[in-house]
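Let me begin by presenting the structure, written as structure tokens, before commenting on it.
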Amino acid sequence: MKSQQDRLREAMKRLALTRDDFAARLGVTRRALDTWLLPDGSKEHRAMPAMAAKVLAELPGARALPAGLRERITPRGKPHLLSVEQFDRAAVEDLLAVAESMEPIARRAKVTRVLEGAVLANLFFEPSTRTRMSFATAFCRLGGSVCDTTGFTFSSMAKGESIEDTSRVIAGYADAIVVRHPDQGSVARFAKGVHVPVINGGDGVGEHPTQALLDLYTIRREFARLGKKVDGAHIAMVGDLKHGRTVHSLIRLLSLFKGLTFTLLAPPSLEMPGDLVAHAEAAGHKVRRAASLKDGLKKVDVLYATRIQKERMSGEALETYPLDFRIDKKRVDALCQKDTIVMHPLPRDGTPGSNDLATDLDNDPRLAIFRQTDAGIPVRMAVFAVLLGVENLVAGSLRDAPWISPPRIGSGDAPFHRLT
Amino acid sequence: MKSQQDRLREAMKRLALTRDDFAARLGVTRRALDTWLLPDGSKEHRAMPAMAAKVLAELPGARALPAGLRERITPRGKPHLLSVEQFDRAAVEDLLAVAESMEPIARRAKVTRVLEGAVLANLFFEPSTRTRMSFATAFCRLGGSVCDTTGFTFSSMAKGESIEDTSRVIAGYADAIVVRHPDQGSVARFAKGVHVPVINGGDGVGEHPTQALLDLYTIRREFARLGKKVDGAHIAMVGDLKHGRTVHSLIRLLSLFKGLTFTLLAPPSLEMPGDLVAHAEAAGHKVRRAASLKDGLKKVDVLYATRIQKERMSGEALETYPLDFRIDKKRVDALCQKDTIVMHPLPRDGTPGSNDLATDLDNDPRLAIFRQTDAGIPVRMAVFAVLLGVENLVAGSLRDAPWISPPRIGSGDAPFHRLT
Amino acid sequence: MKSQQDRLREAMKRLALTRDDFAARLGVTRRALDTWLLPDGSKEHRAMPAMAAKVLAELPGARALPAGLRERITPRGKPHLLSVEQFDRAAVEDLLAVAESMEPIARRAKVTRVLEGAVLANLFFEPSTRTRMSFATAFCRLGGSVCDTTGFTFSSMAKGESIEDTSRVIAGYADAIVVRHPDQGSVARFAKGVHVPVINGGDGVGEHPTQALLDLYTIRREFARLGKKVDGAHIAMVGDLKHGRTVHSLIRLLSLFKGLTFTLLAPPSLEMPGDLVAHAEAAGHKVRRAASLKDGLKKVDVLYATRIQKERMSGEALETYPLDFRIDKKRVDALCQKDTIVMHPLPRDGTPGSNDLATDLDNDPRLAIFRQTDAGIPVRMAVFAVLLGVENLVAGSLRDAPWISPPRIGSGDAPFHRLT
């Protein structure tokens with residue numbers, strides 16, 4: 000069996016982490032890591048505790064980057080990412096391993112230029128800032144250039160052009176295309192006739208596969224520091240589960256794992272669609288519906304909150320249902336566990352009294368929402384790298400970023416990406 | 000005289016094509032090309048057939064890139080491209096040879112960074128997606144960066160700023176400026192006071208020189224595979240010939256060649272302006288007006304269709320004229336030749352019953368519209384490269400693109416850029 | 000003491016200027032410079048005249064780039080630029096020395112890629128073209144990539160998201176953030192919780208620090224060629240001094256120098272806020288209010304004009320005040336000195352009869368407005384470089400720009416950036 004030192008060194012190298020970053024990634028001090036890396040006979044040498052060894056073994060990037068991932072995700076020769084249904088468990092784990100390998104770049108410690116010369120068409124047929132910028136930044140951090148278009152200026156389609164013509168024309172310009180569109184199925188229609196990678200950036204109430212991937216990536220990273228696994232976990236989903244494409248894609252993706260319990264909390268007219276519930280149950284998971292926060296949040300590992308817009312509730316439910324889905328510190332303290340992770344796809348409605356996630360948890364380490372949004376960069380980098388076939392070129396192309404990287408991003412979210 | 004092998008090798012090298020791509024470019028199989036490249040004494044050696052030799056001799060890039068092109072196109076010391084009138088025949092052929100040299104980059108096989116550090120201001124004072132993205136992509140593929148502005152956000156001019164002030168300010172930021180503006184002549188006004196290259200991206204019913212250049216580039220490439228020449232060709236232009244700046248610029252550019260026949264098909268109030276007709280005739284070309292598709296499409300080499308917007312017809316014509324300018328497969332089969340090329344500047348109105356090019360030709364090899372829009376990239380790259388004086392640096396700067404290039408772009412447009 | 004030749008050579012090297020450019024920078028002919036650079040014993044050798052020696056000594060970049068500038072400007076560990084109040088005199092002079100070192104890049108003679116891999120989020124919550132493009136271009140010229148967002152598409156905030164959430168999310172994507180916002184104080188609020196550099200691109204009637212920095216940079220460069228100093232200068236500010244954040248930031252910044260005289264010319268209801276006047280006076284400067292152009296423009300070194308929008312005047316003033324703040328050639332000839340510099344933050348209202356700077360001065364060498372807008376590039380490059388800690392890496396990273404740089408930018412502004 001490999002020595003403790005070798006296993007640590009290999010993981011550090013594989014993840015392209017400095018010793019400081021790697022210590023942080025394991026959730027230990029730099030000093031502790033140093034003692035574990037000393038030769039066995041050394042006076043200062045210490046053996047890793049069992050928990051650290053477990054975290055090390057569970058690191059998402061623990062396997063070498065697998066070959067042929069593009070073909071496994073996109074079997075019909077069209078290199079698109081339209082739905083989480085394209086993934087089996089091995090493929091999703093491999094993709095997240097690629098994302099893990101992007102962390103040094105996403106954390107602005109390293110620079111790569113593997114996609115230098117490539118162009119992304121970032122087409123948003125409805126307004127968006129965060130998702131649009133997340134895709135754009137991810138492509139830029141791989142070295143590529145981005146051409147943006149937002150819905151307001153999409154003039155050709157206003158002149159009667161078909162979505163197929165638009166798609167073919169744009170595919171003649173770009174090496175990859177991200178499309179967000181208000182109509183379910185329209186991104187698939189956009190992708191149908193072209194051989195350039197098309198990525199679904201959200202199509203109405205349909206899918207939003209990269210959001211589900213970054214949600215899963217976040218859960219796995221948070222679990223890694225807590226010594227938990229996705230298999231057997233308990234996930235609560237709260238809010239408007241009918242219209243939220245985010246939770247739709249996520250429940251499908253989580254269903255690839257084993258023995259989960261899903262607790263669903265939604266007002267009567269905003270419940271999770273039956274086919275998705277059936278799909279999770281058919282995959283061997285337990286799906287419970289809870290009537291109140293008090294009832295549903297006991298012993299959950301993840302509380303995934305979404306926003307409820309009153310205007311989406313149908314008449315009767317609106318009148319008779321006591322709408323109270325606010326998640327705040329008092330409730331989380333009272334109802335959840337000490338290591339429950341609180342997530343949200345953002346944006347959240349931060350106005351007082353909104354049926355949404357409150358801001359008084361912002362400095363609570365259980366709140367993972369900003370680590371979650373940050374995860375969009377490495378995950379979308381992984382998607383681009385895999386669809387364009389360069390994921391195995393990245394590690395060899397890294398150089399140090401010469402500018403000063405921030406020690407952390409936000410004030411209530413310390414320390415930066417290190418999941419302590 | 001040079002051997003067949005030497006001529007083939009030189010052309011392959013000059014065009015920076017792989018053997019596969021070069022075979023495709025000649026319209027032959029790779030296997031055939033291989034036999035032509037074998038030594039004369041070899042058992043498997045074959046002589047090129049006459050048609051292949053002709054195509055080889057006619058390849059647009061057959062001459063070395065000429066020096067001084069920028070000065071020949073922009074004689075007054077202002078490096079702008081405002082009108083096709085800036086070209087004589089030699090200059091336009093030289094520019095298209097530069098475009099041909101950009102093909103490996105446009106086809107995503109090669110990467111260059113000659114314009115790394117340069118900035119394009121892409122100013123669209125009216126909405127546009129395809130043209131804006133085509134210019135932006137072309138600049139990015141040369142290694143430059145792009146700053147986009149669309150009409151909606153052009154706030155300074157709303158505050159009473161003159162076009163001259165705007166121009167001078169932007170010229171202080173950028174190395175090249177593309178301007179689209181709804182008013183004829185305004186791009187020239189924009190360009191007047193500045194010494195940074197300004198490219199007319201369309202000024203109202205005025206000019207759209209890069210569109211005409213890419214149209215001509217397409218015609219030459221299509222003709223090359225068919226063994227035809229532009230001199231003596233028969234071009235039909237159909238639709239709204241009054242307001243279409245595309246056909247205005249194209250007829251001027253084609254008039255630089257010899258002995259063409261133009262057949263013009265337009266409703267009474269939407270005819271080609273008289274001065275353009277006179278200009279073509281003065282240059283020795285035959286200009287015919289046809290009353291119907293049936294009448295006009297016989298023996299044409301190129302059918303160039305444009306869209307008719309009913310609201311642009313004047314009252315009387317609208318009432319009395321049987322408006323039927325739809326181009327579909329049935330008509331092309333019945334009226335055109337087997338090697339007639341069908342072109343369109345796009346977007347086309349794909350809704351049923353529109354007076355435009357129908358979609359049932361999309362898988363017909365005669366339909367060149369997507370190869371035509373693709374041609375925007377190499378042609379606009381050539382324009383930027385020439386105006387910024389780097390066209391002779393590109394070949395020496397090429398490296399392989401590390402990402403997976405698509406084998407083809409669209410489903411009905413196979414194989415990718417190889418004009419078989 | 001160092002020889003004349005050594006001092007000249009060191010300055011030329013430090014500023015990374017060619018001999019031609021350096022001659023232009025000193026305001027002398029290339030021939031004159033050549034004679035000064037010859038060995039003392041040489042027959043053609045000439046001693047620099049006193050005026051040239053003075054200009055040489057006063058060159059903004061005359062000191063080596065200082066270390067620790069980022070920490071001096073942003074003492075609390077948050078690397079933001081929100082207000083000119085962050086500067087003391089030494090810091091502002093050091094920053095402008097960094098800007099001076101960017102000139103070869105801004106003038107498109109040199110290329111750097113120090114920020115390759117870095118991403119700027121360029122967030123404009125109100126429309127802007129010139130400032131947005133100036134920031135974007137500056138970041139691109141350092142090698143970085145830019146993600147733009149204009150107010151119209153900022154959709155998350157419309158869904159009830161707080162400015163703090165938006166800020167934290169964007170900071171997770173980008174390495175630097177520029178924010179323009181219509182509300183005073185909102186950029187500071189945006190910056191409060193994040194550790195990624197946030198730069199105030201203008202917050203309502205609040206501040207616009209980079210504009211003030213480029214204004215000061217321009218004054219110093221103009222003064223350098225005229226043999227003047229900022230200390231003791233006489234600056235007239237004309238127009239709407241109440242709402243103009245530009246003049247607010249500028250008077251604060253100039254107050255760091257010594258013994259200035261400010262003459263303020265504004266209609267009754269549009270006067271400079273009292274606290275800014277008091278601040279300047281407390282710093283030992285003389286502040287005068289003038290009632291008319293005739294009265295106020297005598298013996299000024301700088302005439303800084305701004306636009307008056309009639310609708311901003313309060314009722315009484317509008318009725319009774321003879322609004323005549325037009326600055327044109329006739330008035331400048333009659334009232335100003337031969338070396339008075341005329342500045343304006345732009346855009347100016349160029350329509351006839353506007354109460355603004357007229358266009359008949361456009362070819363007058365005293366008009367510095369276009370050199371002023373050009374200065375935005377090196378100054379904003381300096382701000383980015385300092386906040387990201389790369390200012391001392393730039394000089395070592397320079398290579399020649401391979402494309403043809405324009406000999407000058409505008410027709411009435413010759414020669415390009417050489418301040419003759």
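Chains as they are written, first to last, in numbering that gives the first Met the number 0: chain A, 0 to 419; chain B, 0 to 419; chain C, 0 to 419.
Every residue gets a Cβ at the ideal spot worked out from N, C-alpha and C, and that includes glycine.
None of these values were measured; they are calculated from a predicted model.
Exercise for the section: Please say whether C/R179 and C/S127 have beta carbons closer to each other than 7 Å? Expected result: For the purposes of this step, residue 127 of chain C is taken as the residue at position 128 of the third sequence. For the purposes of this step, residue 179 of chain C is taken as the residue at position 180 of the third sequence. In contact: C/S127 and C/R179 (Cβ atoms closer than 7 Å).
Exercise for the section: Pick out the complete alpha helix (DSSP H) segments inside the region 282-365 of chain A, 4 residues or longer, and give them in chain order. Expected result: If we require 4 residues or more, the alpha helix (DSSP H) runs fully inside the region 282-365 of chain A come out as 292-295, 314-319, 328-334.
Problem - Beta carbon proximity, B/T152 to chain A, threshold 7 Å - result: For the purposes of this step, residue 152 of chain B is identified with residue 153 of the second sequence, where counting begins at 1. The predicted model places B/T152 with a pLDDT of 45, which falls under 50 and marks its position as unreliable, so this point remains unresolved.
Problem - CB contact check: C/T17 to chain B, cutoff 7 Å - result: Working through the third sequence from its first residue, we reach residue 17 of chain C at position 18. By this cut-off, C/T17 is not an interface position.
Problem - Outcome for C/Q183 when other beta-carbon atoms lying within 10 angstroms are tallied against a minimum of 16 - result: One-based indexing of the third sequence puts residue 183 of chain C at position 184. Exposed, since its Cβ has fewer than 16 Cβ neighbours within 10 Å.
Exercise for the section: Identify each residue in the region 32-52 of chain A for which the Cβ-Cβ distance to at least one residue of chain C is less than 9 Å, and report them in chain order. Expected result: Along the region 32-52 of chain A, there is no position whose C-beta sits under 9 Å from a C-beta of chain C.
Problem - Near the ligand MG: B/V246 beta-carbon under 6 Å from a heavy atom - result: Looking for the ligand MG in the displayed structure turns up nothing, as the structure carries no ligands at all.
Problem - Rounded distance between the beta-carbons of A/T372 and C/G171, thought under 8 Å - result: If you number the third sequence from 1, residue 171 of chain C lands on position 172. If you number the first sequence from 1, residue 372 of chain A lands on position 373. Contact flag correct, Cβ pair sits at about 5 Å.
Problem - Per DSSP, the bridge partner or partners of B/S144 - result: Along the second sequence, one-based indexing puts residue 144 of chain B at 145. Answer is B/V118, bridged to B/S144.
Handout entry: C/S41 classed as buried or exposed, judged by whether at least 16 other C-beta atoms fall within 10 angstroms
Key = Within the third sequence, residue 41 of chain C is the residue found at index 42, counting from 1. Of the other Cβ atoms in all chains shown, fewer than 16 fall within 10 Å of the Cβ of C/S41; this residue is therefore exposed.
Handout entry: 7 Å Cβ shell around A/V378 - same chain, five flanking residues per side excluded
Key = As a working mapping, residue 378 of chain A is identified with position 379 in the first sequence. A98, T209, L212, L213, Y216.
Handout entry: Residue-chain proximity (A/C146, chain C), Cβ-Cβ < 7 Å
Key = Counting from 1 along the first sequence, the entry for residue 146 of chain A is found at position 147. No, A/C146 lies away from the interface with chain C (no Cβ there is under 7 Å from its Cβ).
Exercise for the section: Could you list which residues in chain B have their beta carbon closer than 7 Å to that of A/S127, in chain order? Expected result: Counted from its first residue, the first sequence places residue 127 of chain A at position 128. Those do not exist, as A/S127 stays about 17 Å from chain B at its closest Cβ, beyond 7 Å.
Handout entry: Short-range partners of chain A found in the region 77-109 of chain C, where Cβ spacing is below 8 Å
Key = The region 77-109 of chain C vs chain A, Cβ under 8 Å: P78.
Exercise for the section: May I ask you to verify whether the region 72-89 of chain A touches the region 337-350 of chain A, counting CB pairs closer than 8 Å and requiring at least 3? Expected result: At 8 Å Cβ cutoff, the stretches do not touch.
Practice task
Can you tell me which of the three DSSP states C/G409 falls into?
Solution key: Within the third sequence, the letter at position 410 stands for residue 409 of chain C. C/G409 carries a strand assignment under DSSP once its states are collapsed to helix, strand and coil.
Practice task
Please determine if the region 387-404 of chain B and the region 382-392 of chain A are in contact, where contact requires at least 3 C-beta pairs separated by less than 8 Å.
Solution key: As far as the Cβ criterion goes, the region 387-404 of chain B touches the region 382-392 of chain A, which means the pair count is three or higher.
Problem - Interface flag, A/A290 vs chain B, CB-CB below 7 Å - result: Residue mapping note: residue 290 of chain A aligns to position 291 of the first sequence, counting from 1. It does not: the Cβ of A/A290 has no partner Cβ on chain B nearer than 7 Å.
Handout entry: Supposed close pair A/L264, A/G295 - CB separation, criterion 8 Å
Key = In the first sequence, counting from the first residue as 1, residue 264 of chain A sits at position 265. In the first sequence, counting from the first residue as 1, residue 295 of chain A sits at position 296. With 8 Å as the limit, A/L264 and A/G295 qualify as a contact, their Cβ atoms being about 5 Å apart.
Exercise for the section: Please determine, among A/A357, A/E163, A/Q308, the residue with the shortest C-alpha to C-alpha distance to A/K328. Expected result: Here residue 328 of chain A is taken as the residue at index 329 of the first sequence, counted from 1. Shortest Cα-Cα distance from A/K328 to any of A/A357, A/E163, A/Q308 involves A/A357.
Practice task
Return yes when the Cβ of A/T245 is within less than 7 Å of the Cβ of A/V299, no when it is not.
Solution key: Working through the first sequence from its first residue, we reach residue 299 of chain A at position 300. Working through the first sequence from its first residue, we reach residue 245 of chain A at position 246. Not in contact: A/V299 and A/T245 (Cβ atoms no closer than 7 Å).
Practice task
Select from A/R129, A/V145, A/F138, A/L95 the residue whose C-alpha is nearest the C-alpha of B/A135.
Solution key: Reading the second sequence from its first residue, position 136 is the one you call residue 135 of chain B. Comparing alpha-carbon positions, the option among A/R129, A/V145, A/F138, A/L95 lying closest to B/A135 turns out to be A/V145.
Handout entry: Where the region 180-202 of chain B meets chain C: residues whose CB sits under 9 Å from a CB there
Key = Flagged, chain order: K191, G192, V193, H194, V195, P196.
Problem - Given C/A51 as reference, the closest of C/R6, C/E206, C/M342, C/G159 once Cα atoms are compared - result: Within the third sequence, the letter at position 52 stands for residue 51 of chain C. Distance check between C/A51 and each of C/R6, C/E206, C/M342, C/G159 places C/R6 closest, using alpha-carbon atoms only.
Exercise for the section: Could you say which of B/R18, B/I176, B/N354 lies nearest to A/G159 if we only look at CA atoms? Expected result: Mapped onto the first sequence, residue 159 of chain A falls at position 160. Between A/G159 and the set B/R18, B/I176, B/N354, the nearest pair of CA atoms involves B/N354.
Exercise for the section: Taking only beta-carbon positions, decide if B/F324 is within less than 7 Å of chain A. Expected result: Here residue 324 of chain B refers to the residue found at position 325 when the second sequence is read from its first residue. For B/F324, the closest Cβ of chain A is not nearer than 7 Å.
Problem - Between the CA atoms of B/I198 and B/I162 - distance to the nearest angstrom - result: The count along the second sequence starts at 1 and reaches residue 162 of chain B at position 163. The count along the second sequence starts at 1 and reaches residue 198 of chain B at position 199. Going from the Cα of B/I162 to the Cα of B/I198 covers about 15 Å.
Handout entry: Minimum Cβ-Cβ distance from A/L264 to chain B less than 7 Å
Key = Working through the first sequence from its first residue, we reach residue 264 of chain A at position 265. Answer no: the Cβ-Cβ gap between A/L264 and chain B never drops below 7 Å.
Exercise for the section: Note down, in chain order, every chain D residue with its Cβ under 8 Å from the Cβ of C/E115. Expected result: Judged by its chain identifiers, the structure shown contains no chain D, and its protein chains are A, B and C.
Handout entry: For B/V110, the residue or residues it bridges with in DSSP
Key = Numbered from its first residue, the second sequence carries residue 110 of chain B at position 111. Bridge partners of B/V110 according to DSSP: B/R398.
Exercise for the section: Would you please verify whether the beta carbon of B/Y303 is less than 7 Å from any beta carbon of chain C? Expected result: Within the second sequence, residue 303 of chain B is the residue found at index 304, counting from 1. No, B/Y303 does not count as interfacial toward chain C.
Problem - Residue nearest to B/H284 in terms of C-alpha spacing, selected from B/S291, B/Q308, B/L252, B/A290 - result: Counting from 1 along the second sequence, the entry for residue 284 of chain B is found at position 285. Per the Cα distances, B/L252.
Practice task
Grab me the residues of A/A384's own chain with a C-beta within less than 7 Å of its C-beta, minus the 5 sequence neighbours each way, in chain order.
Solution key: Along the first sequence, one-based indexing puts residue 384 of chain A at 385. V97, L141, E390, V393.
Problem - Touching by the beta-carbon criterion (3+ pairs, under 8 Å), the region 215-235 of chain A and the region 109-128 of chain A - result: Output reads no: the region 109-128 of chain A does not touch the region 215-235 of chain A.
Practice task
Classify B/P48 as buried or exposed, calling it buried when 16 or more other Cβ atoms lie within 10 Å of its own Cβ.
Solution key: As a position in the second sequence, residue 48 of chain B is number 49, starting the count at 1. Label assigned to B/P48: exposed.
Handout entry: Under 8 Å (Cβ pairs) to chain B, residues found in the region 269-288 of chain A
Key = Answer set for the region 269-288 of chain A: empty.
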